[in-house]
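Novice: Okay, handing you the structure first.
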Amino acid sequence: MQFQETRTFEEKLKLMREMSEQFRTRAAKVDEEASFPFENIKELKASGYTQLTVPKKYGGEEITLYELVRLQEQIAIGDGATALAIGWHMGIVKNLAEKRLWREEIFKRVMEDVKKGALLNGAASEPQTGSPTRGGKPTTIARKTENGWIINGRKTFTTMSPVLDYFIVSASIEESDEVGNFLIHRSLPGIIIEETWDSVAMRGTGSHDLVLMDVEVLSDEYVERFVPGQKGANGWLLNIPACYLGIAQAAQKYAIHFAKTYSPNSISGTIIDIPAVQQRVGEMELRILEAKHFLYSVAKQWDALAEVERMRLNAELGAVKYAVTNKAIEVVDLAMRIVGARSLSQQNPLQRYYRDVRAGLHNPPMDDMTIQALARKALADN
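Under the numbering used here, the residue at position 332 of the sequence shown is numbered 334, and the numbers go up by one with no gaps.
Written out as structure tokens, the structure is:
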């Protein structure tokens, strides 16, 4: 079955649960080899999943933010790296559709390619600037030419780089204070992917360096101007906490199965009967319930508001990422305390969940920026 054949959201969730189980069987090998989940991405494309956030006007389903975070959460239960990777594509397509940031003719062209299976992601991070959300000006430079632009620079953390068709590259305009995004197709000369990704977390995301050497693009591929660090409210970024919530649930599921089946000879029955273990199971469930309600609630609020009203959710969006990611880290820690030293074995999935879930601390927005934004909101409201 494909996603286009599903009539209800519950059918979509059921299909994604089935796909996610397949992703789970491959996750350990991809992590151990620090390779890329090519098979998972291929299956997501073939199922029609990567088209779901395309506007109905162009043949997509234009799913809601609530539906997107629920589906992304399911992917992450199977494999966090796959969820984080495809989540950027899904969220950026949704953001472009909602905000209409690009000229219609170029947006239409890209959406038609996405319908055929094309994948895209932003390339904004750089070694010298750190997180782009902090407002650093790109050192990647775009120089105006008679027919368009020539771009030179290096981007880090270009997630899903092994399979991307389009890179949305931020660059500073030469001899100007202007900064903008350029749409760059993978086929252009001068595009190099340097396989630099050596992180201990999210090893399967293919977040390598993108190197641009005299890459020539047309004038209309300068798609968007912006002020660094000032991008407004971005509901689509809730795909990030959804990913870490899924990882937390995978850890919870493993720990509970272990507790129900592990029976040391020092006790009768299994360790699930021990009050201290039940305490930790309850604490995991509480944190997951809190995270789900916060994430789902704000996603539904976003869906219910008109574009002009969504800006007032900016602080809440950051708070969701902060709360859900940190609760997910706590859940994985509790799961490891239940399983004990076995959780540190390389054969045990909990050690992968432990490494992967901590990557959430370094995805935008950063915790300190979120707390500052909440402080500003509280001071303004009181």
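Beta carbons: idealized from backbone N, C-alpha and C, even for Gly. Small disclaimer: the values here were computed from a predicted structure and weren't measured.
(1) Pull up the DSSP beta-bridge partners for D211, would you.
(2) Is Y298 helix, strand or coil when you go by DSSP?
(3) So does the region 320 to 338 actually touch the region 77 to 96, counting three or more Cβ pairs closer than 8 Å?
(4) In three-state DSSP terms, what is R205?
(5) Throw me the rounded Cβ distance for the Y355 and I249 pair, which I believe falls under 8 Å.
(6) Could you please give me the residues that DSSP links to N183 through a beta bridge?
(7) Name the DSSP bridge partner or partners of K157?
(8) Is it buried or exposed for N384, if we count other Cβ within 10 angstroms and need 16 for buried?
(9) Quick one, which of L46, R344, T141 has its alpha-carbon nearest D81's?
(10) Helix, strand or coil: how does DSSP classify N241 here?
(11) So, I88 versus L185, is the Cβ gap smaller than 8 Å?
(12) Use the C-beta contact count for N183: other C-beta atoms within 10 angstroms, 16 or more gives buried, fewer gives exposed.
(13) What three-state label does DSSP hand L315 in the structure shown?
(14) Assuming V359 and Y246 make a contact with CB atoms under 8 Å, what is their CB distance in whole Å?
(15) Under 8 Å by Cβ, that's how I've got L240 and V71 pegged, so tell me the actual separation to the nearest angstrom.
(16) Between the beta-carbon of G320 and the beta-carbon of P367, is there less than 8 Å?
(17) Ignoring anything shorter than 4 residues or poking outside the region 74 to 131, list the alpha helix (DSSP H) runs there in chain order.
(18) Do the region 200 to 218 and the region 253 to 272 make contact, defined as three or more Cβ pairs closer than 8 Å?
(19) Let me know if K157 comes out buried or exposed under the rule of 16 or more other beta-carbons within 10 Å of its beta-carbon.
(20) Which whole-angstrom value describes the C-beta separation of I340 and R282, a residue pair presumed to lie in contact below a C-beta threshold of 8 Å?
Specialist: Answer, in terms of the structure:
(1) E196
(2) helix
(3) No, they do not touch.
(4) In this structure, R205 counts as coil in the three-state DSSP scheme.
(5) Going by Cβ atoms, the distance from Y355 to I249 rounds to 5 Å, so yes, they are a contact pair.
(6) DSSP lists S172, E226 as partners of N183.
(7) L212
(8) exposed
(9) L46
(10) Of the three classes helix, strand and coil, the one that applies to N241 here is helix, per DSSP.
(11) no
(12) buried
(13) L315 falls in the helix class under three-state DSSP.
(14) 6 Å
(15) Rounded, the Cβ-Cβ distance is 5 Å, consistent with contact.
(16) yes
(17) Counting whole runs of 4 or more residues, the region 74 to 131 contains the alpha helix (DSSP H) stretches 82 to 101, 106 to 117.
(18) no
(19) buried
(20) 5 Å
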